[in-house]
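So that you can map any letter, position 119 of the sequence shown is 176 in this note's numbering, and since no number is skipped, the others follow by simple counting. Each residue gets a CB set at the ideal place from its N, CA and C atoms; glycine is no exception.
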Amino acid sequence: MVLSDKTIVLGVTGSIAAYKAADLASKLTQAGAKVEVIMTEAATEFVTPLTFRSITGRPVVTKMFELASEYSVEHVALAEAADIVVIAPATANTIAKLAAGIADDMLGCTVLATEAPVVIAPAMNVNMYQNKVTQENLDKLKARGFTFVGPGYGRLACGDMGLGRLVDVDEILGAVCQVLGRKGDLADKRVVVTAGGTQEPVDPVRCLTNRSSGKMGYALAEAARDRGAEVVLVTAPCALGKPYGVEVVDVATAEEMYGAVKKAVAKADVLVMAAAVADYRPVTVSKSKIKRQQAVSLSLELERTPDILGQVKGKFLRVGFAAESDNLVANARQKLKDKHLDLIVANDITTPGCGIGADANQVVIIDPSGKAEKLPLLPKKEVADRILDRVAKMLAKKR
Numbered sequence: 058m059v060l061s062d063k064t065i066v067l068g069v070t071g072s073i074a075a076y077k078a079a080d081l082a083s084k085l086t087q088a089g090a091k092v093e094v095i096m097t098e099a100a101t102e103f104v105t106p107l108t109f110r111s112i113t114g115r116p117v118v119t120k121m122f123e124l125a126s127e128y129s130v131e132h133v134a135l136a137e138a139a140d141i142v143v144i145a146p147a148t149a150n151t152i153a154k155l156a157a158g159i160a161d162d163m164l165g166c167t168v169l170a171t172e173a174p175v176v177i178a179p180a181m182n183v184n185m186y187q188n189k190v191t192q193e194n195l196d197k198l199k200a201r202g203f204t205f206v207g208p209g210y211g212r213l214a215c216g217d218m219g220l221g222r223l224v225d226v227d228e229i230l231g232a233v234c235q236v237l238g239r240k241g242d243l244a245d246k247r248v249v250v251t252a253g254g255t256q257e258p259v260d261p262v263r264c265l266t267n268r269s270s271g272k273m274g275y276a277l278a279e280a281a282r283d284r285g286a287e288v289v290l291v292t293a294p295c296a297l298g299k300p301y302g303v304e305v306v307d308v309a310t311a312e313e314m315y316g317a318v319k320k321a322v323a324k325a326d327v328l329v330m331a332a333a334v335a336d337y338r339p340v341t342v343s344k345s346k347i348k349r350q351q352a353v354s355l356s357l358e359l360e361r362t363p364d365i366l367g368q369v370k371g372k373f374l375r376v377g378f379a380a381e382s383d384n385l386v387a388n389a390r391q392k393l394k395d396k397h398l399d400l401i402v403a404n405d406i407t408t409p410g411c412g413i414g415a416d417a418n419q420v421v422i423i424d425p426s427g428k429a430e431k432l433p434l435l436p437k438k439e440v441a442d443r444i445l446d447r448v449a450k451m452l453a454k455k456r
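1) Pick out the complete alpha helix (DSSP H) segments inside the region 214-293, 4 residues or longer, and give them in chain order.
2) Return the CA-CA distance between Ala-333 and Leu-290, expressed in angstroms with no decimal places.
3) Per DSSP, which one or two residues make a beta bridge with Ala-147?
4) Sort Ala-100, Val-94, Lys-120 by Cα distance to Ile-112 and report the nearest one.
5) I'd like to check one pair, Ala-335 with Thr-408: are the Cβ atoms closer than 8 Å?
6) Go ahead and label Gly-71 buried or exposed: buried means 16 or more other beta carbons lie within 10 angstroms of its beta carbon, across all protein chains shown.
7) Under 8 Å, do Pro-300 and Tyr-337 count as touching if we go by C-beta distance?
8) Once DSSP output is grouped into helix, strand and coil, what is the label at Thr-86?
9) With a threshold of 7 Å on Cβ separation, who are the neighbours of Ala-79 within its own chain once the five nearest residues in sequence on each side are excluded?
10) From the DSSP output, in three-state form, read off Pro-208 for me.
11) Can Ile-141 and Lys-63 be called in contact, C-beta distance under 8 Å?
12) Is it buried or exposed, Phe-231, if we count other Cβ atoms within 10 angstroms and call 16 or more buried?
13) With 16 other CB atoms within 10 Å as the buried threshold, where does Asp-383 fall?
14) List, from N- to C-terminal side, the alpha helix (DSSP H) runs of 4 residues or more that fit wholly inside the region 285-336.
15) Taking 8 Å as the threshold (C-beta atoms), are Ile-444 and Val-402 in contact?
16) I need the straight-line Cα distance from Leu-374 to Pro-363, nearest angstrom please.
17) Assuming contact is defined by CB atoms lying nearer than 8 Å, are Gly-253 and Ala-293 in contact in what I supplied?
18) With distances taken from CA atoms, which of Val-376, Asn-267, Lys-319 is nearest Ala-331?
19) Expressed to the nearest angstrom, what Euclidean distance is found between the alpha-carbon atoms of Lys-120 and Leu-135?
20) Less than 8 Å separating the beta-carbons of Ala-99 and Ala-139?
21) Given this structure, state the Cα-to-Cα distance separating Leu-155 from Ala-325, to the nearest angstrom.
22) Considering only their Cβ atoms, is the gap separating Leu-243 from Ala-449 smaller than 8 Å?
23) Does DSSP put Lys-91 in a helix, a strand or coil?
24) Between the Cα of Asp-162 and those of Arg-361, Gly-68, Val-340, Gly-285, spot the shortest distance and give me the residue it belongs to.
25) In the DSSP output, what is Val-420 paired with across the bridge?
26) Going by alpha carbons, who is nearest to Pro-261 out of Val-329, Lys-438, Thr-341?
27) Kindly indicate which residue of Val-306, Tyr-186, Ser-61, Gln-391 has the alpha-carbon position closest to the one of Val-288.
28) In the DSSP assignment, find the unbroken alpha helix (DSSP H) run with Arg-447 in it and report its ends.
Take a look at the structure:
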């Protein structure tokens, strides 16, 4: 949501990683941003301007004086239009020129003239990156308020292993969203989010768990970040990548999540318990793998796990989730009342195409008065923003 209707200047420089910038331009455009691409002369040797024009639907600037461009005469026009400037990939040469304030091409002019924030994703040979001159240039730009994302570690185009890879596009997107959302309605707030399904061990191999994918919790963490919040994500094991700009605390069991949440909420303004916490765990955990034997059954004695949402209390807002298979609203209202929550989000796990493991969800948001708002089927990222809309209003009332 934070990218919608924003003007993003995407600078592409002469690196083999320039092809990844096409994916970045595509995702920014799909998110509703107006993407203006500036390519250095070297960048056009790796990817054609036509690629970016086809993706963004916008003319691509490649020369300082290009009569076909609406920005060809007044060089600062693009700088003034930008909500943010993103340079990905950024070579050592480009970083050096920016540090020195050199404006001999359209990208340098734009960065020098803009008052918009600048995000840089470096990509270069490991020795070039670690060179003292490059590090000094990076420090200069950081001191001026530029945001750097990466580089990553891995195999480079030259065959070397080390720092210098352009980070994943999703990580760059995360950095862009975080920078754009710094002054959002959750700025200066600390939001703790739980996600995933806890795992209660039976033996060193097996565990009791559930089908939670963690997608709803991760969407909430990213949405809170994009609204300016300091976010702590306490997550049980899941297959999702770690969100950029979010403090991630990995846990496995309900007991571990309980301890991590108690610690994280010490200075929190909001706790959102989106995790699917196992209600029971084995009383005894086998130290060795339990072998399968014919005609022998296995019985497990179970005990209750900590009621995290019921036991962790404070001056912060507490938002719970209720995944139900029947009596959705009635059961959710009872949970809201029993745990003294500020808000509860309920979803029917029997509804096809939403909920557990899906990218979409259909929920009912219920407040302490019992009033229920039913949302249509929406992507989980949009559901997260609808929930945080309510949270932001409640925090504003508290102030």
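So, from the data block:
1) List check, alpha helix (DSSP H) in window: 226-237, 272-282.
2) In the sequence shown, residue 333 corresponds to position 276, counting from 1. In the sequence shown, residue 290 corresponds to position 233, counting from 1. The alpha-carbon atoms of Ala-333 and Leu-290 are separated by roughly 14 Å.
3) Against the sequence shown, residue 147 aligns to sequence position 90. Its beta-bridge partners are Pro-179.
4) Along the sequence shown, one-based indexing puts residue 112 at 55. Comparing Cα-Cα distances from Ile-112 to each of Ala-100, Val-94, Lys-120, the minimum goes to Val-94.
5) For the purposes of this step, residue 408 is taken as residue 351 along the sequence shown, with counting starting at 1. For the purposes of this step, residue 335 is taken as residue 278 along the sequence shown, with counting starting at 1. Note that the C-beta distance between Thr-408 and Ala-335 is not below 8 Å.
6) Along the sequence shown, read from residue 1 onward, the residue named residue 71 stands at position 14. Looking at its Cβ environment, which holds 16 or more other Cβ atoms inside 10 Å, Gly-71 is buried.
7) Counted from its first residue, the sequence shown places residue 300 at position 243. Counted from its first residue, the sequence shown places residue 337 at position 280. Cβ atoms of Pro-300 and Tyr-337: not closer than 8 Å.
8) If you number the sequence shown from 1, residue 86 lands on position 29. Secondary structure of Thr-86 (DSSP, three-state): helix.
9) Start at 1 with the first residue of the sequence shown, and residue 79 comes out as number 22. In chain order, Val-104, Thr-108, Phe-109, Ile-112 place their CB closer than 7 Å to the CB of Ala-79, counting only its own chain and leaving out the 5 sequence neighbours on each side.
10) Within the sequence shown, residue 208 is the residue found at index 151, counting from 1. DSSP places Pro-208 in the coil class of the three-state scheme, outside both helix and strand.
11) Position 84 of the sequence shown, counting from 1, holds the residue named residue 141. Position 6 of the sequence shown, counting from 1, holds the residue named residue 63. Their beta carbons are under 8 Å apart, which means Ile-141 touches Lys-63 by this criterion.
12) On the sequence shown, residue 231 is found 174 positions in, with the first residue counted as 1. The sequence given here places Gly at residue 231; Phe does not occur at that position. It counts as buried.
13) Mapped onto the sequence shown, residue 383 falls at position 326. By the 10 Å Cβ count, Asp-383 comes out exposed.
14) Counting only runs of 4 or more, we get 311-321.
15) Taking the first residue of the sequence shown as position 1, residue 402 is located at position 345. Taking the first residue of the sequence shown as position 1, residue 444 is located at position 387. Yes, the pair counts as a contact, with Cβ atoms nearer than the cut-off.
16) To locate residue 374, count along the sequence shown from 1; it is residue 317. To locate residue 363, count along the sequence shown from 1; it is residue 306. Going by the C-alpha atoms only, they are around 20 Å apart.
17) Along the sequence shown, read from residue 1 onward, the residue named residue 253 stands at position 196. Along the sequence shown, read from residue 1 onward, the residue named residue 293 stands at position 236. Less than 8 Å separates the beta-carbon of Gly-253 from that of Ala-293.
18) Translated into positions along the sequence shown, residue 331 becomes position 274. With respect to the C-alpha of Ala-331, the residue from Val-376, Asn-267, Lys-319 having the closest C-alpha is Val-376.
19) What you label residue 120 is simply residue 63 of the sequence shown in a count that begins at 1. What you label residue 135 is simply residue 78 of the sequence shown in a count that begins at 1. In this model, Lys-120 and Leu-135 are separated by some 13 Å (Cα to Cα).
20) Within the sequence shown, the letter at position 42 stands for residue 99. Within the sequence shown, the letter at position 82 stands for residue 139. No. Outside cutoff.
21) In the sequence shown, counting from the first residue as 1, residue 155 sits at position 98. In the sequence shown, counting from the first residue as 1, residue 325 sits at position 268. C-alpha separation (whole angstroms): 39 Å.
22) Here the question's residue 449 lines up with position 392 in the sequence shown. Here the question's residue 243 lines up with position 186 in the sequence shown. Yes, they are a contact pair.
23) The residue given as residue 91 occupies position 34 in the sequence shown. Strand.
24) Locating residue 162 in the sequence shown gives position 105, counting from the first residue. Out of Arg-361, Gly-68, Val-340, Gly-285, the CA that lies nearest to the CA of Asp-162 is found in Gly-68.
25) The residue labelled residue 420 in the question sits at position 363 within the sequence shown. According to the DSSP secondary-structure assignment, Val-420 is paired through a beta bridge with Asn-404.
26) Taking the sequence shown and counting its residues from 1, the one referred to as residue 261 is at position 204. Taking each of Val-329, Lys-438, Thr-341 in turn and checking the Cα distance to Pro-261, the smallest one comes out for Thr-341.
27) Numbered from 1 along the sequence shown, position 231 holds the residue referred to as residue 288. Looking from the CA of Val-288, the closest CA among Val-306, Tyr-186, Ser-61, Gln-391 belongs to Val-306.
28) By 1-based counting over the sequence shown, the position of residue 447 is 390. Note, Arg-447: alpha helix (DSSP H), 437-455.
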